[in-house]
Amino acid sequence: MRLLERESALASLAGYAREAHAGEARLVLVGGEAGVGKTALVEAFTEGRPGVVWGLCDGLFTPRPLGPLFDIADQLGLDLRTADRDELFAVTLRALRDVAVLVVEDLHWADEATIDWIRYLGRRLRGTVAVFTYRDDGLSRGDPLRLALGDLGTQRGTRRIGLAPLSEPAVRALARDRGVDPAELYRLTGGNPYFVTELVRDGTDGTDGIPASAADAVLARAARLRPDARAVLDTAALIGTRVDPRLLAEATGATPEALDDLVASGLLTGDGAGLRFRHELARLAVERAVPPHRTAPAHAAVLAALQRLGSGDDASLAHHAEAAGDRAAALHHAVRAARAAAGLRSHREAAAQYHRAVRADGNDPQLLDALAFELSMIDAWAGVAEAAERARVLWRAAGNGLREGNALRMRSAAGVSLCRGEEALADAEAAIAVLEPLGPSGELALAYGHLAKHHMLADRNAEAIELAGRAQAIAAPLGRFDLVSDTLNTEAVARLMLGEAWIPRMRRALDVAIEHGHDEKAGRAYTNLYGLLCRARRYAEAEPVYHEAIAYCDEHDADTYGTCLRGERAASLARMGRWDEALALCRQVLTRVEEASPINRIYPLYVDATIRARRDEDGVWAALDEAAESADGAGEPQWIIKARIGRAEAHWLAGRLSAAREEAELADDACVRADGWLRGWVATWLRRTGSDRPARGELAEPFALEWAGDHAGAAAAWDALGCPYDAALARLGAGDEDGVRRALAAFDDLGATTAARVARQRLRDLGARSIPTGPRTATRAHPHGLTRREQEVLDLVAQGLTNAEIAARLVLSVKTVDHHVSAVLAKLGVATRAEAARKTG
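Once you know that position 249 of the sequence shown is 244 in my numbering, the rest is easy, because the numbers rise by one and skip nothing.
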């Protein structure tokens, strides 16, 4: 069949290849719905090109970590059997320097270690064009690939190609002289090339419903096979998209002639030394047609064949063993596969394999402990709570107090993330009650360290420091560097809250974790280092920390802290006026409903809701209600304050002063031992909403200035910190016409529609004349939603001016220009100034 309406995509691929071969980084993401022709496009692009290597992600079972990497290693003659993950990445990177084109298909099925490898390549690969195909119509909201695609899309060398279904004229061209009704064919297939091709080859319009029509076309072709070949086809479908002919012959006794029949049918095709289904939808159609009573015996035959052939692919062995009902084999291979995945930091796959092992033997508390840990790494805390409780019961029945206490601690950790504060504290104290009578142990040190976190999060910082010291005294002699890092981290945060030096301890916590390979603890140290720098509005120092931290968490599969980092980042971007970037990060976290824990959702919910409230958009109160419910459940002052101040601002913007005051006072109730920034934030909103409550202690500088009535000084302090919305609020509170006008201009530039409305009413109350009326028409009409100021900045960027030169030209601070440039890049969907300049034409 002809490759229609793909000329532009092929030309783009060829251009990217030339740029890569010239030394540029070129990672190309080819996305589209199932059957849209991604593989056909890449095959057409690579045809006749030397130096092409291919890898494939297989979605039939929980994948073997780094499967595509091992596919590529086989083609390049690399022996990676004894290498650890970092060595695997480095070795393949060196080998790929002699490769012209790297192709990895079906990235939507990639395990997390593979996604980390792709991130690694994206930052380092030069001279090779790397093409990754993925299905974009079947990604769940919690799929790790969604997050990875967002991150990869921000890298300078990344390019995207989106494939659309065929147009009706293209379908007519394919159907010409084929004896089918083109209009009906287009109606049934929606222009999906795979469906069109299958139905045209079959010479039928199909039946109503695209999946059924494609399945009928595939099964009609399968029905023409001899019985022995059809039985082989069924087993091939149960093996996966890619099929080893030796395995298929061993499992079914298939003759070479039977395999030839499968290829001749067009359902399978040669793939180097192996076979593969031409399309995953064809495999699915065949698999679903296998009668249930034949499925288990077929899987058993594949399992036995894998064993006879000496397969070391435990993920595949575990899959077929479970499907065959062989619990002993499923348990054995699932545990081995889980340990291998964990060793490669592919925690999602490790958790899936431990789930399989627990299904095979739910009475082994060690498996439940391992499952709980792997789930904790991917922010799946509801599963942690369930696994920890099942383990606790089993350990208690076995009389093992150490492990029972550890299970209580793990259940407490889950309670924190699930915003069940009281239950979590009770479990933390119960763990210590079980462990202390047993004497010093690693488990007791863990329990002390965990309770120290509870106290720190509740602003009981002296108690937190004392408990952290107890934990360190036990952990250090035992060589438990994970505990040393964790307790140094907790102590650093507590000392900051007490006004003491904290950065050296936090840096040491990070160094210890990285040096000894404790990814989870390094993730926590990075998150707290970045978050605390942002909390102190030290954004210049925080910026490089974030990029280093998110790269580490993503590459080491530390999802819990990667998610937390993104929430912190969204909040800091919001303070800096980079609202579109902030909202994009919030959506990344909030669409991961299946996995993002309640505690990790609070910050993105708050940021998303407040920006929407400022812009007069829908969806504000659902987010604020969830944030408040989670914060109240967690019982942690920092989250209660954020949730309540978010609600206070939303009420205030809507003119509901009494409701806003009530929320600000609820935030104040939680502010007993907070630091100067939180105290200042609460105090300012108390004043703004008309509360007569006093400020609690010393306030951070901008808040102290505003509290003292120096609104201009407060605004200048916020400007110096790069926080335009806070500066505008400070000017709005001054009560003089010039200050309010400057606030209004800032609100309009930010797109803060409701805040601008408040400013206009303030000007009317002051008797001002010539009040600007509503959002600027230019902003509403601009195709990319740029404000007038952003368009001015973009025009000067296109002229090649630096940010400092733009600041001088427009009489702005360099920080303000930085924010405008970042907003422009985000709205245009580009990563560099050069790309933005090209869009000015």
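For glycine and all other residues, C-beta sits at the position ideal for the given N, C-alpha and C.
Taking the CB atoms as reference points, tell me whether residue i and residue j lie closer together than 9 Å.
i	j	result
R502	L528	no
H350	V411	no
V25	I156	yes
E193	A218	no
T230	L243	yes
G518	A544	yes
E576	S817	yes
A324	L366	no
T34	T123	no
L483	L441	no
E644	R688	no
A487	I498	yes
V94	G50	no
L397	I427	no
D514	P139	no
L270	P222	no
S341	L61	yes
R530	W672	yes
By the 10 Å Cβ neighbour count, where 16 or more other Cβ atoms means buried, how is residue i classified, buried or exposed?
i	result
N358	exposed
G204	Per-residue confidence for G204 stands at a pLDDT of 34, beneath the threshold of 50, marking its modelled position as unreliable; no derived number is given.
S653	exposed
H542	exposed
D664	exposed
L820	buried
W574	buried
D613	exposed
P472	exposed
V258	exposed
R404	buried
E563	buried
W616	exposed
E589	In this prediction, E589 has a pLDDT of 49, which is less than 50 and means its spatial position is unreliable; what the coordinates show is noted afterwards. Exposed, since its Cβ has fewer than 16 Cβ neighbours within 10 Å.
Going by C-alpha to C-alpha distance, which of the options sits closest to residue i?
i	options	result
Q583	L144, T264, L439	L144
A408	A380, S653, W390, R398	A380
L91	Y115, D101, D79	Y115
G400	A375, G434, A531	G434
W702	L716, A729, P251, P599	A729
A638	D374, P164, A662, F40	A662
A291	H314, L36, A377	H314
G692	R668, L681, G685	R668
A310	V330, D255, A293, R322	V330
V23	A17, A4, A39, A29	A4
G378	R406, C414, I766, A355	R406
V86	V98, A105, F65, D308	F65
R609	F698, H646, T748	T748
R532	A569, R651, L228	A569
A425	S436, Y443, L413	Y443
E317	H294, P58, Q361	H294
L147	S162, I113, A178	I113
R80	Q786, A337, I509, A829	A337
A695	L716, S686, T684	L716
R674	R651, Y181, I635, D374	I635
E510	T485, P539, F476, V792	F476
V98	R343, L161, R21	R21
G18	T77, R121, D74, D69	R121
A466	A168, A457, L439, P593	L439
Bridge partners for residue i per DSSP, in chain order?
i	result
D266	G269
G10	None; G10 has no bridge partner.
V99	G50, F127
I156	V25
R867	A question about residue 867 goes unanswered here, because the residues of the chain that appear run from -4 up to 836.
R237	R271
Indicate whether at least one CB of chain B lies closer than 9 Å to the CB of residue i.
i	result
Q756	Absence of chain B from the displayed structure is noted, only one protein chain being present.
key: Contiguous alpha helix (DSSP H) assignments of at least 4 residues, all confined to the segment 430 to 475   = 437 to 452, 456 to 470
Exercise for review: Go through the segment 589 to 673 residue by residue and report every complete run of the alpha helix (DSSP H) that reaches 4 residues or more, in order.
Suggested key: 593 to 610, 615 to 629, 632 to 648, 652 to 664
Only counting runs of 4 or more residues, tell me where the alpha helix (DSSP H) segments fall wholly within the segment 526 to 592, in order along the chain. 534 to 550, 554 to 570, 574 to 585
- Query: Taking the runs of the beta strand (DSSP E) that are 3 residues or longer, which of them lie wholly in the segment 275 to 356?
  - Reply: none
Return the chain-ordered ranges of every alpha helix (DSSP H) run that is complete within the segment 777 to 805 and spans a minimum of 4 residues.
783 to 793, 798 to 805
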